[in-house]
Amino acid sequence: MDIVVENIYLLVIVTLISVLQNAFFANKVEQECKAPNAHNTSAFERVSCANRNCMDVYPTFLAVMWCAGLCLNQAPAAFAGIIYIVVRHKYFVGYMGQTSQSTPGFLFGKRILSFLFLMCIVGIFNYLLVRYYGSNYREYVDIITKASSALLLLP
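For the sequence shown, the numbering used here begins at 5 and goes up steadily by one.
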């Protein structure tokens, strides 16, 4: 049991942080909803739409982060997950101001999800190589993945 926990604890921490962020977003929608004439204001519409947009992508984020962490390496997957959470917060706050302010967060989030998806594909491909050809490139792929995860910080 300890081996399993050792292999996923970073992913669990990132998942719990993302749950707290979802609670924060829901609280913002609730606060805006309680304001007088809330349903007629553009602020309520922006907050509500930002929350819906974040919730629409949330299952995809969890799936690719967990698959990347389990199939390849949890450290770069968790790092990308933390960066995605920060970017998603930037998107949400930007959407509350003006919708055009949310575009950088949206584009950056797409790049992080693409990186996590690529990690999943590489991990599955390496598994197939080990299974059918006996060639294990995991050590090389881990080094490349750890080095390239730092590139996510570039704007």
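A virtual CB, placed ideally from N, CA and C, is assigned to each residue, including glycine.
Excluding residues up to 5 positions away in sequence, ASN55, CYS58 and PHE96 lie with their Cβ nearer than 7 Å to the Cβ of PHE29 in the same chain.
Under the Cβ criterion (8 Å, minimum of three pairs), the segment 82-92 counts as touching the segment 14-31.
For the options LEU122, ARG135 and SER153, the alpha carbon positioned closest to that of CYS71 is the one of LEU122. Counting of Cβ neighbours within 10 angstroms places ASN31 among the exposed residues, the total staying below 16.
Under the DSSP assignment, GLY113 falls in the alpha helix (DSSP H) whose first and last residues are 107-137. By the CB criterion at 8 Å, ALA82 and LYS150 fall outside the cutoff. If you look at ASN55, you'll find it in the alpha helix (DSSP H) that goes 46-75. For PRO80, the secondary structure class from DSSP, reduced to helix, strand or coil, is helix. LEU117 and SER46 have their alpha carbons spaced roughly 30 Å apart.
GLY73 and PRO63 have their C-alpha atoms some 15 Å from each other.
Rounded to the nearest whole angstrom, the C-alpha separation of GLU49 and MET69 is 30 Å. In this structure, the straight-line span from the alpha carbon of GLY101 to that of PRO40 is close to 19 Å. Counting only residues of its own chain and dropping the five nearest sequence neighbours on each side, VAL33 has a CB closer than 7 Å to the CB of VAL51, SER52 and ASN55.
Around the C-beta of CYS37, fewer than 16 other C-beta atoms lie within 10 Å, and the residue is accordingly described as exposed.
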